[in-house]
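Working notes for the structure below.
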Amino acid sequence: MKNICIIGSGSWGVALAIHLAKMGNKVKIWSFLEEESRMINEEKRCKFLPDVVIPDGVLCTTDIREAVTGSDIILHVTPSKFTRETIKKYKEYVENQPVIICSKGFESSTLYTLSEVATEEMPNVKIGVLTGPSHAEEVSIGIPTAIVIASKYIDVQYQVQDIFMNETMRVYTTSDVKGAELGGALKNIMAFCAGIAAELKMGDNTFAALITRGLTEISRLGVAMGGNHNTFYGLSGLGDLIVTCLSEHSRNRKAGRCIGRGLTIEETQKEVGMTIESIDNIEVAYKLAQKYNIEMPIVNTVYDVLFNGLKPDEAVKMLMTREKKCE
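Here this note's numbering is used: the sequence shown runs in plain steps of one and ends on residue 316.
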């Protein structure tokens, strides 16, 4: 039995808590909101996972020091834009336990990946990244799932693998932190595009083209930034891309559908009701493509849809009529 600290009480944080508590671990979740903490403790439910009962062994607190102190491992599961400010709140309480980044995205002001943010704030702490195709809705009810733990520390890889693995969750290890993390962050953009395509009544051919050409763009940028090419064709790349582009569980796909039917960014955020990483990530990916001089036509086009008023149907036409290319 391990003492697990989870920083963040959203759907993914609670799904991980449920999985780990069912395995006999003691879990403390830190929540920013008193109401979410009360709901988890008193009603044994999470508003983002309304059909799931939270098992005994899970406690939620708004005291971040209480959540971190005495834990064997810390799982960081906040939206990417709050990663640095949240780490600043608890880093002084971290002792020798590893911190595992379970969120997917970038810090928009620096263009850093979230593990880079964590390493900058906690240079003496062992950092890992947990990623892969894993909808919270499915993990919370025990649907078989395979994910990846990425860390440059072999002992952290094995520790996470031992803590998480059972008959419903298989965990693979890798030392390619950059590749694993970029696959998870960049696939949100393609899921957003998939939502637009779905709203425009595009077909299976379109989704196949989007996923394969999207993966090409992701791997092209990822390799330029230091990732291993093969990583992008594994669970944290292609696997996550497939599940996020094709599933109605995906909030990024849902956001794309909202934009596809003409809603503004503000209206979309209100309708989805949860953090939409893809909207912030599109702007970061656009800047990274320019920084590394990487051709990313899908990213550039969806950037224009979001920020320059390009109509979604015109965006499709632009992509389809680009200059002739070899694959």
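Just so it is clear, CB atoms sit at the ideal spot from N, CA and C, and this is done for glycine as well. Only a predicted model underlies this, so the values are computations on that prediction, with no experimental measurement involved.
Residue pairing of Lys33 in beta bridges, as defined by DSSP: absent, with no partner found.
In the assembly as shown, Met285 is a buried residue. Its beta-carbon has 16 or more other beta-carbons within 10 Å.
Per the coordinates, the alpha-carbon of Leu230 lies some 9 Å from the alpha-carbon of Ile178.
An exposed status is given to Ile132, since fewer than 16 other beta-carbon atoms sit within 10 Å of its beta-carbon. Cβ atoms of Gly117 and Val137 stay farther apart than 8 Å, at about 10 Å.
In this structure, the straight-line span from the alpha carbon of Gly2 to that of Leu119 is close to 12 Å. DSSP places Ile130 outside both helix and strand once states are collapsed to three, so it counts as coil.
In the three-state reduction of the DSSP assignment, Lys280 falls in the helix class, which pools H, G and I. Inclusion of Ala244 and Thr257 in the CB contact set at 8 Å is warranted, their separation being smaller than that value.
Using a C-beta cut-off of 8 Å, the stretch -5 to 12 makes contact with the stretch 138 to 157, since at least three inter-stretch Cβ pairs fall below that distance.
With a cutoff of 8 Å on beta-carbon distance, Cys(-6) and Leu64 are scored as near each other.
Check the Cα spacing between Asp40 and each of Gly215, Val212, Ile53, Ile7: the tightest is with Ile7. Annotation for Val291: Ile178, Phe181, Cys182, Ile185, Ile271, Ala304 place their beta carbon closer than 8 Å to its own, counting only its chain and skipping 5 residues before and after. Counting only residues of its own chain and dropping the five nearest sequence neighbours on each side, Val88 has a CB closer than 7 Å to the CB of Ile63, His65, Ala107, Met111, Val114, Ile116. Ile283 is positioned such that its CB atom lies closer than 8 Å to that of Leu210. Contact check for Ala174 and Arg246: beta-carbon distance about 21 Å, past the 8 Å limit, so the pair fails to qualify.
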